[in-house]
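Count the sequence shown with the numbering used here and you get residues 494 to 898, in order.
Ideal placement from N, C-alpha and C gives every residue a C-beta, glycine not left out.
Because the structure is a prediction, the values reported are computed rather than measured.
A short worksheet on the structure shown next.
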Amino acid sequence: NRQGGLRLWRNARLVTMVEGAAGLGIVEKGAVAARDGLIVYAGAEADMPAPFGQGAETIDCEGRWITPGLIDCHTHLVYAGNRANEFEMRLAGATYEEVARAGGGIVSSVKSLRAASEDELVAQTLPRLDALIAEGVTTVEVKSGYGLDLDNEKKSLRAARRLDGERQVMIRTTCLAAHALPPEAKGDKDAFVDLVNETILPAVAAEKLADAVDGFCEGIAFSPEQVARVFDKAKALGLPVKLHADQLSNLHGAALAARYGALSADHLEYTDEEGAAAMAKAGTVATILPGAYYFIRETKKPPVDLFRRHGVKMAVATDSNPGTSPLTSLLLTMNMGATLFGLTVDECLAGITREAARALGMLDRTGTLEAGKSADLAIWDIERPAELVYRMGFNPLHARIWRGQ
Ligand SMILES: O=C(O)CC[C@@H]1NC(=O)NC1=O
Ligand SMILES: [Fe+3]
């Protein structure tokens, strides 16, 4: 019989990601014990208190590496249809403006989402979620942002919430109603922000459909002033904020996010030193999204050196979305972060575990191999952790454990 459902993974090499430990917090000859979905021990097998060994269901990991379950802390995973046609148009030389005039861009995803039922959204999202899960992802953040009216934003967030009923995964949802202007808004951004603040956010908060609120601070989207109005409302509703900031220009979105104590500011290609310093002071995580940079052939890289110098924590995520980052591999995302932006192996692995958990306000529950946290593990057929960043398009996952199962 198993002692109180105790499970023990032994004879492993641990990437604990423990804060403050040197590098990856590696423990050779390590073991992880879990009971009722929580880690009760993670460390050297020789130091493990005796009770955790007795009566446990024991798995010999045969020297394999164990990391925390991976966390994709920035996705737009719930959407309908796709925009491969735009991709072809752009390859044929069409500009973004020509694509937009042809009905492309975010607006085309809005039309597709509005035409899809909640069930259809779930069905179309599951294959993308399965691709992430196949690589050991145990927590995924999912944004709305293609509904842009009350019913369709709620439909999107309900579909996102349903994902953790369909799969063994932790889903965190974010309301990104301030993503783009819907056609019916006829260019009136301030009136749309009123709709977001007076109609959408209160209803989303009342039904607990979102764990955070996000916005797109950009010339083609919303100004810092308009984002500030949305953030004031989010704060009034008791919801944490995050921001798509300084992606295509420097509107000082990073500093704005920091001023609101945002969990994270994301993209950040055009962020300056003042923004980095403000983020460091506020503890706002910099979420690096190399997939979008790569896919839209951006040339301005996020200021990784400034983040390092100012001690800004960095997360790494897929930004999985149909327009600028149709990417569903967190492993490939790490390779892009290293190859394109010079992130180190340690920064990439921290970026999809501990720092991704921090960007979701979930560091108390996951992101490292420590007692008391959810027993979310990924077990790998690799000789050294760098292999998880080095390869492009190869998945060395041996086993994925979510809440001890
Ligand atoms: O093109 C799309 O569908 C989303 C684009 C995506 N959203 C955002 O705020 N920045 C982006 O790159
Ligand atoms: Fe995004």
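Report task. Decide if T632 is buried, meaning its Cβ has at least 16 other Cβ atoms within 10 Å, or exposed. Result -> Looking at its Cβ environment, which holds 16 or more other Cβ atoms inside 10 Å, T632 is buried.
Report task. Taking the CB atoms as reference points, tell me whether A771 and A748 lie closer together than 8 Å. Result -> A distance below 8 Å separates the beta carbons of A771 and A748.
Requested in this report: Could you give the DSSP three-state label for Q496: helix, strand or coil?
Outcome: In this predicted model, Q496 has a pLDDT of only 49, less than 50, meaning its place in the structure is not dependable enough to derive any value.
Query raised in the report: Taking Cβ to Cβ, would you say E863 is nearer than 8 Å to V511?
Result: A contact, by the Cβ cut-off of 8 Å.
Query raised in the report: Straight-line CA distance for R651 to N888?
Result: Rounded to whole angstroms, R651 to N888 spans 31 Å at the Cα level.
Requested in this report: Please determine, among L517, F788, E550 and E521, the residue with the shortest C-alpha to C-alpha distance to L499.
Outcome: The option with the nearest alpha carbon to L499 is E550.
Query raised in the report: Counting along the chain, where does the beta strand (DSSP E) carrying P561 start and finish?
Result: Per DSSP, P561 belongs to the beta strand (DSSP E) from W558 to P561.
Query raised in the report: At what residues does the alpha helix (DSSP H) containing D798 begin and finish?
Result: Secondary structure note for D798: its alpha helix (DSSP H) is the uninterrupted segment V797 to H803.
Query raised in the report: When you compare only the Cα positions, how much space is there between R495 and A705?
Result: Residue placement at R495 is flagged as unreliable, the pLDDT there being 48, under the threshold of 50; the coordinate-derived value follows with that caveat. Distance between the alpha carbons of R495 and A705: 39 Å.
Query raised in the report: Would R506 be called buried (16 or more neighbouring beta carbons within 10 Å of its own) or exposed?
Result: By the beta-carbon neighbour count (other beta carbons within 10 angstroms, threshold 16), R506 is buried.
Report task. Could you tell me if the beta carbon of H891 falls within a distance shorter than 7 Å of some heavy atom in ligand 2? Result -> Every heavy atom of ligand 2 is 7 Å or more from the Cβ of H891, so no.
Query raised in the report: Taking Cβ positions, are V453 and A831 nearer each other than 8 Å?
Result: A query on residue 453 cannot be resolved here, the shown segment of the chain reaching from 494 to 898 and no further.
Query raised in the report: How many Å lie between A892 and R722 at the Cα?
Result: Straight across, the Cα-Cα distance linking A892 with R722 is about 45 Å.
Report task. Return yes when the C-beta of D812 is under 7 Å from any heavy atom of ligand 2, and no when it is not. Result -> Under cutoff, so the answer is yes.
Query - Endpoints, the beta strand (DSSP E) within which F709 is located - result: Looking at the DSSP string, the run of the beta strand (DSSP E) that includes F709 is A705 to C710.
Requested in this report: Reducing DSSP to helix, strand and coil, say where N888 ends up.
Outcome: Secondary structure of N888 (DSSP, three-state): coil.
Query raised in the report: Between the C-alpha atoms of P733 and A775, what's the straight-line distance to the nearest angstrom?
Result: The straight-line gap from Cα to Cα measures roughly 13 Å.
**Report entry** Distance cut-off 7 Å: H745 Cβ against heavy atoms of ligand 2
**Finding:** Not so, every heavy atom of ligand 2 lies at least 7 Å from the Cβ.
Query - Those residues which DSSP pairs with A871 across a bridge - result: Its beta-bridge partners are T560 and R893.
Query raised in the report: Which class does L507 belong to by DSSP, given the choice of helix, strand or coil?
Result: Under the three-state reduction of DSSP output, L507 falls in the strand class.
Query raised in the report: Quick one: is A590 buried, meaning 16 or more other Cβ sit within 10 Å of its Cβ, or exposed?
Result: Correcting the residue identity first, residue 590 is Glu in this sequence and not Ala. Under this definition E590 is an exposed residue.
Query raised in the report: Near C906, which residues of its chain fall below 7 Å by C-beta distance, leaving aside the five closest residues on each side in sequence?
Result: Because the chain in this structure spans residues 494 to 898, residue 906 falls outside the shown range and cannot be described.
Query raised in the report: Of the choices M855, V838 and G548, whose alpha-carbon is the least far from that of R877?
Result: Among M855, V838 and G548, the Cα nearest to that of R877 belongs to V838.
Query - Limits of the unbroken beta strand (DSSP E) element including C668 - result: The continuous beta strand (DSSP E) containing C668 extends over residues M663 to A671.
Query raised in the report: In the structure shown, what three-state DSSP assignment does T777 receive?
Result: Secondary structure of T777 (DSSP, three-state): coil.
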